[in-house]
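Number of protein chains: 2
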Amino acid sequence: MKLIILISDGMGDRPIPELKDKTPLEAAKTPNMDLLAKRSECGLMDPLGPGIRAGSDTAHLAILGYDPYKVYTGRGPFEAGGIGMDVREGDISFRCNFATVDEKRIILDRRAGRIKERTDELSTTLNGMKLEDVVCYFKESTAHRAALVLRGKNLGNKVTDVDPHKIGVVPPRALGLDKESKKTAEVLNEFVERSYQLLNNHPVNKERRSKGKPPANIILPRGGGLAPSIEKFSDKYNLKSACIVEVGLIKGIGRYLGMDIIDVPQATGGLDTDTLAIGKALIKALGNYDFILCNVKGPDLAGHDGNYQAKVESIEKIDLMVGYILKNLPSQVCLSLTADHSTPVSVKDHSGDPVPILFFGPQVRVDEVDKFGERAVTKGGLGRIRGLDVMNILTNLGNLSEKFGA
Amino acid sequence: MKLIILISDGMGDRPIPELKDKTPLEAAKTPNMDLLAKRSECGLMDPLGPGIRAGSDTAHLAILGYDPYKVYTGRGPFEAGGIGMDVREGDISFRCNFATVDEKRIILDRRAGRIKERTDELSTTLNGMKLEDVVCYFKESTAHRAALVLRGKNLGNKVTDVDPHKIGVVPPRALGLDKESKKTAEVLNEFVERSYQLLNNHPVNKERRSKGKPPANIILPRGGGLAPSIEKFSDKYNLKSACIVEVGLIKGIGRYLGMDIIDVPQATGGLDTDTLAIGKALIKALGNYDFILCNVKGPDLAGHDGNYQAKVESIEKIDLMVGYILKNLPSQVCLSLTADHSTPVSVKDHSGDPVPILFFGPQVRVDEVDKFGERAVTKGGLGRIRGLDVMNILTNLGNLSEKFGA
Numbered sequence: 556m557k558l559i560i561l562i563s564d565g566m567g568d569r570p571i572p573e574l575k576d577k578t579p580l581e582a583a584k585t586p587n588m589d590l591l592a593k594r595s596e597c598g599l600m601d602p603l604g605p606g607i608r609a610g611s612d613t614a615h616l617a618i619l620g621y622d623p624y625k626v627y628t629g630r631g632p633f634e635a636g637g638i639g640m641d642v643r644e645g646d647i648s649f650r651c652n653f654a655t656v657d658e659k660r661i662i663l664d665r666r667a668g669r670i671k672e673r674t675d676e677l678s679t680t681l682n683g684m685k686l687e688d689v690v691c692y693f694k695e696s697t698a699h700r701a702a703l704v705l706r707g708k709n710l711g712n713k714v715t716d717v718d719p720h721k722i723g724v725v726p727p728r729a730l731g732l733d734k735e736s737k738k739t740a741e742v743l744n745e746f747v748e749r750s751y752q753l754l755n756n757h758p759v760n761k762e763r764r765s766k767g768k769p770p771a772n773i774i775l776p777r778g779g780g781l782a783p784s785i786e787k788f789s790d791k792y793n794l795k796s797a798c799i800v801e802v803g804l805i806k807g808i809g810r811y812l813g814m815d816i817i818d819v820p821q822a823t824g825g826l827d828t829d830t831l832a833i834g835k836a837l838i839k840a841l842g843n844y845d846f847i848l849c850n851v852k853g854p855d856l857a858g859h860d861g862n863y864q865a866k867v868e869s870i871e872k873i874d875l876m877v878g879y880i881l882k883n884l885p886s887q888v889c890l891s892l893t894a895d896h897s898t899p900v901s902v903k904d905h906s907g908d909p910v911p912i913l914f915f916g917p918q919v920r921v922d923e924v925d926k927f928g929e930r931a932v933t934k935g936g937l938g939r940i941r942g943l944d945v946m947n948i949l950t951n952l953g954n955l956s957e958k959f960g961a
Numbered sequence: 556m557k558l559i560i561l562i563s564d565g566m567g568d569r570p571i572p573e574l575k576d577k578t579p580l581e582a583a584k585t586p587n588m589d590l591l592a593k594r595s596e597c598g599l600m601d602p603l604g605p606g607i608r609a610g611s612d613t614a615h616l617a618i619l620g621y622d623p624y625k626v627y628t629g630r631g632p633f634e635a636g637g638i639g640m641d642v643r644e645g646d647i648s649f650r651c652n653f654a655t656v657d658e659k660r661i662i663l664d665r666r667a668g669r670i671k672e673r674t675d676e677l678s679t680t681l682n683g684m685k686l687e688d689v690v691c692y693f694k695e696s697t698a699h700r701a702a703l704v705l706r707g708k709n710l711g712n713k714v715t716d717v718d719p720h721k722i723g724v725v726p727p728r729a730l731g732l733d734k735e736s737k738k739t740a741e742v743l744n745e746f747v748e749r750s751y752q753l754l755n756n757h758p759v760n761k762e763r764r765s766k767g768k769p770p771a772n773i774i775l776p777r778g779g780g781l782a783p784s785i786e787k788f789s790d791k792y793n794l795k796s797a798c799i800v801e802v803g804l805i806k807g808i809g810r811y812l813g814m815d816i817i818d819v820p821q822a823t824g825g826l827d828t829d830t831l832a833i834g835k836a837l838i839k840a841l842g843n844y845d846f847i848l849c850n851v852k853g854p855d856l857a858g859h860d861g862n863y864q865a866k867v868e869s870i871e872k873i874d875l876m877v878g879y880i881l882k883n884l885p886s887q888v889c890l891s892l893t894a895d896h897s898t899p900v901s902v903k904d905h906s907g908d909p910v911p912i913l914f915f916g917p918q919v920r921v922d923e924v925d926k927f928g929e930r931a932v933t934k935g936g937l938g939r940i941r942g943l944d945v946m947n948i949l950t951n952l953g954n955l956s957e958k959f960g961a
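Below, the structure is given as structure tokens:
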């Protein structure tokens, strides 16, 4: 028996007057999701708990069976893992920006003109720096983004951000909020100062200045987190697992959990993504893997943009993918379709509203729900579950879980 | 966005043969609650957990987002806070009765003839007593009720009651169940003995004896509790908050949580209370506060009395209040209507049956429920939630909560 979790990112929503008080999912034409719901057991799912607003990272951790209140210590480690850095237990990781400062260190641009080219050369200059007994690993991500991993003994993770999230000021020095974090803060402040010294007259920046572009002459870290000790997903469930996901943050989680990452070139992570290509990659991957996590980002983007029409359209594109998957699914598969959280277009951010979820498989207690929507599923057999329940339910339906007791 | 929680105290019930197996809420004429349900998302709520019998105090703590299993150490601190005593972290507080004993200290009346007059003079005699390094603060409440607060170093809260809950016996000496509580017990026993010495021939009691009334010549403490360290409600949710509640115990909780107390002179706390005056006070208070907790006591009293007709009537009186509130509610308000627990008339005490709950607000996923009743709401979109979920759901609907994760 193989297992699939399909996540329509941020799909949950609230009633929208322009859609006759339907949600985008309720208003969208989703014949394939509805057919799947008709053959499934349906209900509501709270990623973290009723009313609690989840991030994409904490929600995915919960859905994959890892309690975020125990393992999530900040975004840094997953961001660094997501761009392929080797993050180990005890490391302190940060999200970073390449930024522009003047000679007084006043921030002129938090994104160095949204620099795109040659950030790998700048990273090479910084990567491997030793400060006291700490090694600093640094790697560029997309555009002005990067990640920093500090590896050394007795490093705390309670450090304030260097990135002040505004321009016209000198970046504040990081503060350590306990004894071990004071050491982290010292190393971090020294790294920031040296990044200026090493980058300011770097050939890449000389070229940028000659072209009238702002130099990427300082690194601004934020979101420091201690790399949690996490049991690998394959070990936890004894499943050979992969993820087909569009954005770095979720890739980072997959990589962190030891899952293989399957890249789909046509998956853009935008509203223009090729959902059918993602569906095909998923069906193909079923030949090699026992478990596949698939996430399509579109509905979340449309929610953040406050664009209900785009959200309806992106849900309809995902419905096409669901249709392809249904048509090509082997019989011995259990599948869950859900969202990681709600991103209501009226809120333009994640909310704590529960999301619809369904479980499909050969032995599911099929209920009477025949539409996949936030309110339709409340009549389902599943009731209201939590993110941490999903893998337990799925492995149970697949007859793959251990018994507790005799 | 402003938030309201309306609590119809003890409203939940069980089917009653005399009401054709309807509950009092199901049998009552509640057009306004029904209209509100029609425009809301409905479900069931377990104050503490399915089947668990809650007190009014523990239920209110849970509904306000404080886990009673972590913060509730006995009724004393909230009772003392409720009558305006200054209760500080580390204090040990007790509920007390003025009682009548004979010269052998045998209890003749646990309530001193339900004494009403001049208990403040008796309290003054006892208040401020110093025993070892402990100061005893004492204050009268309504009728024969009072509260005692012990303030000193290293006081434990594991002490047995002095009030034996029966007459014809000498009050048992308090026992301390651990080392620190032994000190509390010693102080407490000394306080009880001195209360007799100071009160027995007090002018108030001389007058009572002359009128043939039993003297209030001893204090019987019970329900000792350590004042918990609690984050203020306003800080926890960043909301300027007030409560409009009828009874001391709930006022005590509100005061303890740092909420402002709005007194409504027409609110008697009895079946004769003026619910419309309470509704008007609530609408007026919305001008000054972000959050209001409102509790009307009637249904609980009728439940304790085992009087189903009085319970139906008191629910219908609350329905009038709901009608007034609905008619005068500003648009930017999220409101939850529920009970703190069930007080079935057949039980004459709190039970662990879940209570109906609804959430109303501009962006709620309105469901198909059009009656507010214990069984009608089970068809609602909310499913079955817990007391601790209420504030999370309400602040989420009001877009006032923090995100966990990215």
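Chain order of the listed sequences is L and D. Residues 556 to 961 in the working numbering are what the first sequence lists, from first letter to last. Residues 556 to 961 in the working numbering are what the second sequence lists, from first letter to last. Don't be surprised by glycine CBs; every beta carbon is placed ideally from N, CA and C.
Asked: Ordered list of alpha helix (DSSP H) runs contained in the segment 854 to 936 of chain L, each at least 4 residues; Found: 863 to 883
Asked: Contact residues within the segment 878 to 908 of chain L, judged by C-beta distance below 8 angstroms to chain D; Found: P899, S901, V902, D904, H905, S906, G907 and D908
Asked: Per-residue contacts from D944/D into chain L (C-beta, under 8 angstroms); Found: G604, P605 and G606
Asked: Distance, I873/D Cα to Q864/D Cα; Found: 14 angstroms
Asked: Below-8 angstroms beta-carbon distance, D925/L vs any chain D residue; Found: no
Asked: Reference T823/D; option with closest CA among K593/D, N862/D, V802/D and S906/D; Found: V802/D
Asked: Simplified DSSP assignment, three categories, for G780/L; Found: strand
Asked: Cα-Cα separation, C798/L to I833/L; Found: 11 angstroms
Asked: Residue burial classification, A617/L (beta-carbon count within 10 angstroms, cutoff 16); Found: buried
Asked: The segment 917 to 930 of chain L contacting the segment 580 to 599 of chain L, beta-carbon criterion three pairs below 8 angstroms; Found: yes
Asked: Option nearest E748/L by Cα separation, candidates P854/L, G853/L, G807/L and I773/L; Found: I773/L
Asked: Nearest neighbour of R939/L, chosen from K926/L, N951/L and D908/L [CA to CA]; Found: D908/L
Asked: Status (buried if at least 16 other CB within 10 Å, exposed otherwise) for F959/L; Found: exposed
Asked: 6 angstroms Cβ shell around D576/D - same chain, five flanking residues per side excluded; Found: P570
Asked: Cβ pair C889/L, M588/L closer than 8 angstroms; Found: no
Asked: For A701/D, the first and last residue of its enclosing alpha helix (DSSP H); Found: That residue, A701/D, is in no alpha helix (DSSP H); its beta strand (DSSP E) goes R700 to R706.
Asked: Pick from G606/D, L677/D, L837/D and V819/D that is closest to L884/D, judged by C-alpha positions; Found: L837/D
Asked: Supposed close pair E929/L, G604/L - CB separation, criterion 8 angstroms; Found: Wrong, their Cβ atoms sit about 17 angstroms apart, outside the cutoff.
Asked: Under the three-state DSSP convention, the category G668/L falls into; Found: helix
Asked: Proximity of F653/D and G779/D at Cβ, strictly below 8 angstroms; Found: no
Asked: Chain D within 8 angstroms of T613/L, Cβ atoms only; Found: yes
Asked: Inter-residue spacing [alpha-carbon to alpha-carbon] between V902/D and D716/L; Found: 57 angstroms
Asked: Residues that N951/D contacts on chain L, provided the C-beta gap is smaller than 8 angstroms; Found: G606, I607, R608, S906, G907 and D908
Asked: Minimum C-alpha distance to S897/D - residue among G645/D, D564/D and L937/D; Found: D564/D
Asked: Beta-carbon proximity list for H615/L, same chain, < 7 angstroms, skipping 5 on both sides; Found: I805, I808 and D895
Asked: Straight-line gap, D622/L to L943/L (C-alpha atoms, nearest Å); Found: 7 angstroms
Asked: Spatial distance of H699/D from I647/D (CA atoms); Found: 21 angstroms
Asked: Segment contact, 8 angstroms Cβ cut-off, at least three pairs: the segment 682 to 698 of chain L with the segment 779 to 795 of chain L; Found: no
Asked: 8 angstroms Cβ cutoff, P758/L in contact with chain D; Found: no
Asked: Span separating the alpha-carbon of H720/D from that of I948/L; Found: 50 angstroms
Asked: Collapsed DSSP secondary structure at L681/D in the structure displayed; Found: helix
Asked: Helix, strand or coil at A654/D according to DSSP, with G and I counted as helix; Found: strand
Asked: Reference P758/D, options K708/D, M814/D and S678/D, closest by Cα; Found: S678/D
Asked: Interface partners of L920/D on chain L, CB under 8 angstroms; Found: Reading the sequence as shown, one finds Arg at residue 920/D and not Leu. Going along chain L in sequence order, the residues near R920/D (Cβ under 8 angstroms) are R569, P570, T578, D908, E929 and R930.
Asked: Proximity to Q752/D [Cα-Cα], best of I607/D, L937/D, D657/D and L781/D; Found: D657/D
Asked: K593/D at chain L interface by Cβ criterion, 8 angstroms; Found: no
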